[in-house]
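Numbering follows my numbering, with no gaps: position 285 of the sequence shown is 482. The beta carbon of each residue, even a glycine, is placed where N, CA and C say it ideally should be. Inspection log for the structure reproduced underneath, given as structure tokens.
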Amino acid sequence: MLSKKINSINPSLTLELSAKINKLKNEGVKVYNFTVGEPDFKTPRYIIDKTINYLDNGVVRYTDTSGISDLREEISSKLNNINHIKCDKDSIVVSTGAKQAIVNSLFALTNPNDEVLIPSPYWLSYPEMCKLTDCKPVVLPYNDNFKVDVDILNQYKTENTKCLILNNPSNPTGVIYSKDELFNIGNWAVENNVYIISDEIYERLSYDTEFISMASLSEKINDITITINGFSKSYAMTGFRLGYSCSRKDVSTLIKRLQGHITSNANTLSQIAGLAALKDETDEVNEMIIEFKSRRDYIVSKLDELSLEYIYPNGAFYVFIKMDQFYNSTIKNSLELCNKLLSEYNIAFVPGIVFGDDKYIRMSYATSIEDIKQGMKNLNKFIADNKKYSK
198 MLSKKINSIN PSLTLELSAK INKLKNEGVK VYNFTVGEPD FKTPRYIIDK
248 TINYLDNGVV RYTDTSGISD LREEISSKLN NINHIKCDKD SIVVSTGAKQ
298 AIVNSLFALT NPNDEVLIPS PYWLSYPEMC KLTDCKPVVL PYNDNFKVDV
348 DILNQYKTEN TKCLILNNPS NPTGVIYSKD ELFNIGNWAV ENNVYIISDE
398 IYERLSYDTE FISMASLSEK INDITITING FSKSYAMTGF RLGYSCSRKD
448 VSTLIKRLQG HITSNANTLS QIAGLAALKD ETDEVNEMII EFKSRRDYIV
498 SKLDELSLEY IYPNGAFYVF IKMDQFYNST IKNSLELCNK LLSEYNIAFV
548 PGIVFGDDKY IRMSYATSIE DIKQGMKNLN KFIADNKKYS K
């Protein structure tokens with residue numbers, strides 16, 4: 198018999214949708230694809246050039262398991278000066294993407310049957326990561342602002358609660374927590390001996406609200422927080438697979454020990470690229486952020502014209518759109534709705550059930566404004582064709 202643990206992990210519900218998208222594309226059909234979770238921009242040229250220069254030297258070796266010293270110094274400087282998190286390079290472990298950094302953290306923090314609190318809607322991998330690490334995911338409801346708060350945390354905390362995963366800005370909603378909201382959650386965690394894994398991968402994509410790092414709020418909150426970040430979203434470096442965690446020294450020591458027996462160091466060339474990204478940043482990065490905001494503004498204006506409810510996204514590059522008013526005898530859930538939108542209207546969205554909320558679909562605006570404009574026209578046609586079903 199093969200692994201019971203791995204068999205217990207849910208496959209992605211979007212695999213079927215991805216297969217249909219590829220099938221239509223292979224048939225020559227233009228699909229307006231709003232499922233993508235990565236920037237559509239090229240990696241900035243200055244990052245590519247520095248990486249090529251390093252490769253031209255012909256020496257690409259292993260590095261320290263926790264990452265190149267210069268890179269960790271640069272990350273530490275960034276966290277101290279921009280995020281206002283007190284840390285040094287020995288608190289940082291560079292990993293093969295932020296995903297690995299989260300799994301590393303769960304392994305380092307939890308024991309079998311410990312409970313991990315996961316606010317909904319959630320990034321689809323969080324519950325499965327908990328299963329991998331033998332802890333129990335506990336999904337939390339959201340308040341009127343589509344966020345978790347202390348009242349909700351108190352309702353779901355038990356003697357087995359070990360950790361809270363907080364994604365800020367949020368995938369899939371794009372909501373951003375205020376300083377007061379974070380402070381209340383952080384103090385609750387300190388008082389209840391609960392660790393916080395603060396997934397801040399979308400931090401640069403903050404359009405209307407100042408982004409605040411959880412670990413910056415106090416020494417006590419910093420002490421129980423593992424900050425997760427990376428280079429994929431801010432620098433259009435998804436394929437480089439480079440992330441990192443920042444935690445107190447006893448936690449980072451365990452993370453390094455674990456990683457040493459799995460992947461060892463992150464890809465050396467990716468680390469060189471990450472060092473260049475932080476050290477030599479150009480206007481290309483801010484230009485991407487400005488373009489994302491422009492796309493966001495266009496989409497929400499069109500959703501308002503269509504009288505569709507949505508969660509207003511202050512960050513990331515997603516809009517979570519409420520669509521359950523169109524459910525009927527032939528469209529019973531978000532997956533069936535997304536299948537219909539794809540097969541009949543050539544627009545692809547991610548069903549909300551993937552994120553724990555079946556009333557919604559997720560739209561990514563990590564695509565061209567031309568595709569966004571046509572996609573919104575196609576969505577308008579769906580609404581016109583299905584008004585008789587709308588509740």
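Between which two residues does the beta strand (DSSP E) holding residue i run?
i	result
Cys360	358-364
Met560	557-561
Ser395	392-396
Tyr524	Run containing Tyr524: none; DSSP gives neither H nor E here.
Let me confirm a value: residue i is counted as buried when at least 16 other C-beta atoms fall within 10 Å, else exposed. Which label applies?
i	result
Ile203	exposed
Thr479	exposed
Glu502	exposed
Asn308	exposed
Gln456	buried
Leu155	Outside the displayed range of the chain (198 to 588) lies residue 155, so it cannot be described from this structure.
Ile206	exposed
Gln297	buried
Thr330	buried
Pro236	buried
Tyr259	exposed
Pro453	Pro is not the amino acid found at residue 453; the sequence shown has Lys there. Counting Cβ neighbours within 10 Å, Lys453 comes out buried, since at least 16 surround it.
Ser449	buried
Pro209	In the sequence as displayed, the identity of residue 209 is Ser instead of Pro. The residue is exposed, with fewer than 16 neighbouring Cβ atoms inside 10 Å.
Leu214	buried
Glu397	buried
Leu212	exposed
Glu506	exposed
Leu252	exposed
Thr527	exposed
Lys286	buried
Thr355	exposed
Leu199	exposed
Asn351	exposed
Glu271	buried
Gly225	exposed
Ile459	exposed
Per DSSP, which one or two residues make a beta bridge with residue i?
i	result
Val547	Arg559
Gly512	Ser403
Phe517	Ile508, Arg559
Val228	Per DSSP, none; premise fails for Val228.
Ile289	Cys443
Grab the span of the alpha helix (DSSP H) containing residue i for me, first residue to last.
i	result
Val171	Missing from the structure shown is residue 171; the chain here goes from 198 to 588 and no further.
Leu532	531-542
Gly264	No alpha helix (DSSP H) contains Gly264, which DSSP labels as neither H nor E.
Leu212	212-223
Val387	376-388
Asp246	242-253
Ile566	566-582
Lys239	No alpha helix (DSSP H) contains Lys239, which DSSP labels as neither H nor E.
Lys417	416-420
Ile203	201-204
Please confirm if residue i has its CB atom under 8 Å from at least one CB of chain B.
i	result
Gly457	Looking at the structure shown, chain B is missing, and only one protein chain is on hand.
Practice task
Report the residue ranges of all alpha helix (DSSP H) runs contained in full by the stretch 422-465; include only those spanning at least 4 residues, in chain order.
Solution key: 446-457
Problem - Every unbroken alpha helix (DSSP H) inside the stretch 293-352 [4 residues or more] - result: 294-306, 322-329
Practice task
Flag this pair as touching only if the stretch 462-474 and the stretch 254-265 have three or more C-beta atom pairs under 8 Å; answer yes or no.
Solution key: yes
Handout entry: Three CB pairs or more closer than 8 Å across the stretch 379-388 and the stretch 225-245
Key = no
Handout entry: Cβ contact (3+ pairs, closer than 8 Å) linking the stretch 419-426 and the stretch 439-450
Key = yes
Practice task
Decide if the stretch 485-497 is in contact with the stretch 396-415; the criterion is three or more beta carbon pairs, one per stretch, under 8 Å apart.
Solution key: yes
Problem - the stretch 344-361 touching the stretch 384-394, judged by at least three CB pairs closer than 8 Å - result: yes
Exercise for the section: Decide if the stretch 562-578 is in contact with the stretch 216-236; the criterion is three or more beta carbon pairs, one per stretch, under 8 Å apart. Expected result: yes
Exercise for the section: May I ask you to verify whether the stretch 312-323 touches the stretch 338-350, counting CB pairs closer than 8 Å and requiring at least 3? Expected result: yes
Problem - Stretch pair the stretch 217-225 + the stretch 532-548: three plus CB contacts closer than 8 Å - result: yes
Problem - Segment contact, 8 Å Cβ cut-off, at least three pairs: the stretch 549-559 with the stretch 528-538 - result: yes
Problem - Three CB pairs or more closer than 8 Å across the stretch 425-443 and the stretch 274-288 - result: yes
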